[in-house]
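Notes for the one structure printed next.
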Amino acid sequence: MIKNLICIGCPLGCPLTAEMQDGKVLSVRGNTCPRGKKYAEKELTNPERTVTSSVKVVGGEMGAVSVRTAGDIPKSKITDCIKELSKITLTAPVHSGETVIRNVCGTGVSVIATKTVAKL
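Structure representation (structure tokens):
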């Protein structure tokens, strides 16, 4: 099976053609740097993404704080991650870099605040 992708590993955006068989990447063509091959293999066998969102804050100068996963999580866990985040309410102050959830959805990745929200 042939899969066509656009690499997002660097700003060039190379058009990639990957050949797959039995869930394995046999070859990748079109990449101008080694990141393209790595990107295609990961995207076709185990796609992951960084999740960005916000969570509620009480007693702060703002009613919410932006958050993100500290690393990539499997695409199949994104919806579960967002559902978990919707249940969270933090109490101000919240500091940028503060861990909001450890090991979100069993991925081994934490969710961290990306902004500071001062207490009122």
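Start counting the sequence shown at 10; every next residue gets the next number (this note's numbering). Glycine is no exception: its CB is placed at the ideal position from the N, C-alpha and C atoms.
**Request:** Using the Cα positions of Asn55 and Met71, report the straight-line distance between them to the nearest angstrom.
**Result:** Along the sequence shown, read from residue 1 onward, the residue named residue 55 stands at position 46. Along the sequence shown, read from residue 1 onward, the residue named residue 71 stands at position 62. Their Cα atoms are separated by approximately 37 Å.
**Item:** Where the beta strand (DSSP E) through Ala122 begins and ends
**Value:** Reading the sequence shown from its first residue, position 113 is the one you call residue 122. Membership of Ala122 in the beta strand (DSSP E) is indicated by the continuous run Val120 to Ala122.
**Message:** For a minimum of 3 consecutive residues, which ranges assigned as the beta strand (DSSP E) are wholly contained in the region 11-93?
**Reply:** For the region 11-93, whole beta strand (DSSP E) runs of length 3 or above, ordered along the chain, are 11-15, 24-30, 33-38, 61-67 and 73-78.
**Asked** Looking only at DSSP bridge pairs, what is Thr98 linked to?
**Response** For this step, residue 98 is matched to residue 89 along the sequence shown. Looking at the DSSP assignment, Thr98 forms a beta bridge with Lys65.
**Request:** Give me the Cβ distance between Ser105 and Thr125, rounded to the nearest whole Å; I'm assuming they're in contact under 8 Å.
**Result:** As a position in the sequence shown, residue 105 is number 96, starting the count at 1. As a position in the sequence shown, residue 125 is number 116, starting the count at 1. Indeed they touch by this definition, with Cβ atoms about 5 Å apart.
**Asked** Which same chain residues, not among the five before or five after Asn112, have their C-beta less than 6 Å away from its C-beta?
**Response** Stepping through the sequence shown from its first residue, residue 112 is reached at position 103. Hits under 6 Å: none found.
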